[in-house]
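J.:
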Amino acid sequence: MNRPIRVLSLYEGFFAGGARVLHTDVIAGLHSGGDQSHSVLSLASAVRRDSSVQHLRRDPRYVRLTETGVDVTTLGRTGGAVAPAPTAFTDRQLHTAAHAVRQADVILSLKEQPLGLLLALREHGLMPDVPVAACLHRSDPQHSGPALSWLSEAASIGLLTAAISCAQSTSDAYEPFIAPTTARFVISNGVDTDRFRPGTENEQAATRRALGVPADVPVVVLAARFDAMKDPGLFLRSVALHSRMRPDAHYIVCGAGMTRDNDAFRALLDESAVTSANLHALGIREDMPAIYQIADIVALTSAYGEASPLCLLEGVAAGATPVTTDVGDAALTADGIGRVTTHEPVDIAVAWDDVLARRPELRSRSMAARERFGRERMVAEYAAAVRSLVRRQWVAA
1 MNRPIRVLSL YEGFFAGGAR VLHTDVIAGL HSGGDQSHSV LSLASAVRRD SSVQHLRRDP
61 RYVRLTETGV DVTTLGRTGG AVAPAPTAFT DRQLHTAAHA VRQADVILSL KEQPLGLLLA
121 LREHGLMPDV PVAACLHRSD PQHSGPALSW LSEAASIGLL TAAISCAQST SDAYEPFIAP
181 TTARFVISNG VDTDRFRPGT ENEQAATRRA LGVPADVPVV VLAARFDAMK DPGLFLRSVA
241 LHSRMRPDAH YIVCGAGMTR DNDAFRALLD ESAVTSANLH ALGIREDMPA IYQIADIVAL
301 TSAYGEASPL CLLEGVAAGA TPVTTDVGDA ALTADGIGRV TTHEPVDIAV AWDDVLARRP
361 ELRSRSMAAR ERFGRERMVA EYAAAVRSLV RRQWVAA
């Protein structure tokens, strides 16, 4: 092939979330490399999720892709909590999608939700013979709703060529739902360590001033959307206990729905009995590198579903210490540099207190771990996986 490999990524929509951040970083890196030419088809142009409506053209992932030169097309739908079924697409949407997939040498589906579109194209005789890989980012397939059945169907009929999992826990969890003939790759997550880095004294001081966080007080950060999977109530109950141990500590929550404007968040805040005035509920933020730079602890209190949580990698890259519940591959991230806890608030609060007491030692461990969490290895492995899928297609032809 004397031209770049043409790769089409399917997004359910553009909205805040680690999987979208990760996949956007991957394809921006691959497109900039010159060996591959990437484009994106988004099923939705706006999505109602996590107590907010998020519009495609305002999304930082969309902006980054278009600035990188990646063409982004949308079917113009309004997305919700459940992805559209194969029968939900109009003729016009199917023909728009068919035009996009005909231009591709390889299709990457961000999670399993967009596979319903490909099944619809196949049903209407509009799906070309092109390799399709599902990029999977969770460790609990059963919480994917009807999209799990679309993944299994696509695999069983040979429409799905490969599964690319971001963690071994993800690969293991999806194995029962994928045909033995489906190729499987595990490519662990990585982050841009030039962007996520320790802050200078001046940078940290400026961020603390902007957020109303005094100098030299400990900071615990939770970066997660308001969702049962992330268990924000557990985090808030842990804050209620820990703030009694460390009245000077400040707590920052970021993510869609993590704001006092969200009635459900306020209800959890009341139920948790958080009395500390030091809780900053910031909602969606686009300055996460700066926020991680002032964090002593990057916390994760998820109940299920995590694979390789991006927030932990980003926090570590900035010098924070990860403290996480044992979900997905999170324990592997924290191994040797942080703490893994139970889902009991008292255990989490005690772990936070222990980390703060050992902060200089644990910060040095995070600093030493930065290189292994970098994105260069991840992008290179995705590039190799795409080339492998193209070679498989040549052999089959």
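Per UniProt numbering, the very first residue in the sequence shown carries number 1; after that it's consecutive. Quick reminder that beta carbons are idealized off the backbone N, C-alpha and C, glycines included.
1) Compute the Euclidean distance between the alpha carbons of Gln93 and Thr325, then round it to the nearest angstrom.
2) Touch check for the stretch 293-313 and the stretch 213-224: three-plus C-beta pairs under 8 angstroms?
3) Please check the pair Ala147 and Gly116, which I expect to be a contact at CB under 8 angstroms, by giving their CB distance rounded to whole angstroms.
4) For the beta strand (DSSP E) containing Val219, name the first residue and the last one.
5) Considering only DSSP beta bridges, list what Thr325 is partnered with.
6) With burial defined as no fewer than 16 other Cβ atoms inside 10 Å of the residue's Cβ, what is the status of Glu12: buried or exposed?
7) Using 9 angstroms as the threshold, is the C-beta distance between Gln103 and Ser45 below it?
8) Go through its chain and collect everything with a Cβ distance to Glu376's Cβ below 8 angstroms, but skip five positions before and after it.
9) For Thr200 versus Ala317, is the C-beta spacing smaller than 9 angstroms?
10) Is the Cβ-Cβ distance between Ala256 and Phe15 less than 9 angstroms?
11) So, under 8 angstroms CB-CB, residue 403 and Tyr174 are touching, yes? Tell me the CB distance rounded to an integer number of Å.
12) Please report the straight-line C-alpha distance between Leu319 and Phe196, rounded to a whole angstrom.
13) Take Val21 and list the residues in its own chain whose beta-carbon comes closer than 8 angstroms to its own, dropping the five residues that flank it on each side.
14) On the DSSP bridge assignment, give the partners of Ser39 in chain order.
15) Mind the definition here: the stretch 273-282 touches the stretch 327-347 only if three or more C-beta pairs lie below 8 angstroms; say whether that holds.
16) May I ask which residues mark the beginning and end of the alpha helix (DSSP H) holding Ser32?
17) Indicate the three-state DSSP secondary structure (helix, strand or coil) for Phe177 in the structure shown.
18) The alpha helix (DSSP H) with Gly233 in it runs from where to where?
19) Could you tell me whether the Cβ atoms of Val47 and Met378 are closer together than 9 angstroms?
20) At 4 residues or longer, what runs of the alpha helix (DSSP H) sit wholly inside the stretch 97-157?
21) Measure the alpha-carbon distance for Thr259 versus Asp231 and round it to whole angstroms.
22) Checking 9 angstroms against the spacing of the C-beta atoms, do Ile252 and Leu300 come in under that value?
23) Tell me whether Tyr251 sits in a helix, a strand or coil according to DSSP, three-state version.
24) Alpha carbons only, please: which of Val53, Val274, Asp71 and His95 is nearest the one belonging to Thr78?
25) With three or more C-beta pairs closer than 8 angstroms as the rule, is the stretch 96-113 touching the stretch 3-11?
26) How is Phe15 classed by DSSP in three states: helix, strand or coil?
27) Report the rounded CA-to-CA distance for Ala240 versus Ala273, giving the unit in angstroms.
28) Secondary structure at Ala163, three-state DSSP: helix, strand or coil?
29) Comparing alpha-carbon positions, which option in Arg370, Met229 and Thr24 lies nearest His143?
30) Considering only residues of the same chain and omitting the five flanking positions on each side of Gln363, which have a CB-CB separation below 6 angstroms?
T.: This is what the structure holds:
1) One C-alpha to the other measures close to 42 angstroms.
2) Touching, per the Cβ criterion.
3) That belief holds up - the Cβ atoms of Ala147 and Gly116 are roughly 7 angstroms apart, short of 8 angstroms.
4) That run of the beta strand (DSSP E) goes Val219 to Ala223.
5) In DSSP, Thr325 forms a bridge with Thr341.
6) Burial call: buried.
7) The answer is no: Cβ separation not under 9 angstroms.
8) Scanning its chain for C-beta atoms nearer than 8 angstroms, with the 5 sequence neighbours on each side dropped, one finds around Glu376 the residues Gly190, in chain order.
9) Result no, Cβ atoms of Thr200 and Ala317 do not sit closer than 9 angstroms.
10) Result yes, Cβ atoms of Ala256 and Phe15 sit closer than 9 angstroms.
11) Outside the displayed range of the chain (1 to 397) lies residue 403, so it cannot be described from this structure.
12) Rather than Leu, the amino acid found at residue 319 in this sequence is Gly. Gly319 and Phe196 have their C-alpha atoms spaced approximately 9 angstroms apart.
13) Cβ neighbours of Val21 beyond the five flanking positions: Arg61 and Leu310.
14) Its beta-bridge partners are Leu8 and Asp71.
15) Under the Cβ criterion (8 angstroms, minimum of three pairs), the stretch 273-282 does not count as touching the stretch 327-347.
16) Its alpha helix (DSSP H) spans residues Gly18 to Gly33.
17) Reduced to three states, the DSSP call for Phe177 is helix.
18) It spans Pro232 to Met245 - the alpha helix (DSSP H) in which Gly233 sits, taken as one unbroken run.
19) Result no, Cβ atoms of Val47 and Met378 do not sit closer than 9 angstroms.
20) Listed in chain order, they are 115-123 and 147-156.
21) Here the alpha carbon of Thr259 sits roughly 15 angstroms from the alpha carbon of Asp231.
22) Not in contact: Ile252 and Leu300 (Cβ atoms no closer than 9 angstroms).
23) In the structure shown, Tyr251 adopts extended strand secondary structure according to DSSP, grouped into three states.
24) With distances taken between Cα atoms, Thr78 lies closest to Val53.
25) Verdict: yes, contact present.
26) Of the three classes helix, strand and coil, the one that applies to Phe15 here is coil, per DSSP.
27) In this model, Ala240 and Ala273 are separated by some 6 angstroms (Cα to Cα).
28) Three-state DSSP puts Ala163 in a strand.
29) Nearest to His143 by C-alpha distance, out of Arg370, Met229 and Thr24, is Met229.
30) The sequence shown places Arg at residue 363, rather than the Gln named in the question. Excluding sequence neighbours, Arg363 sits near Gly319.
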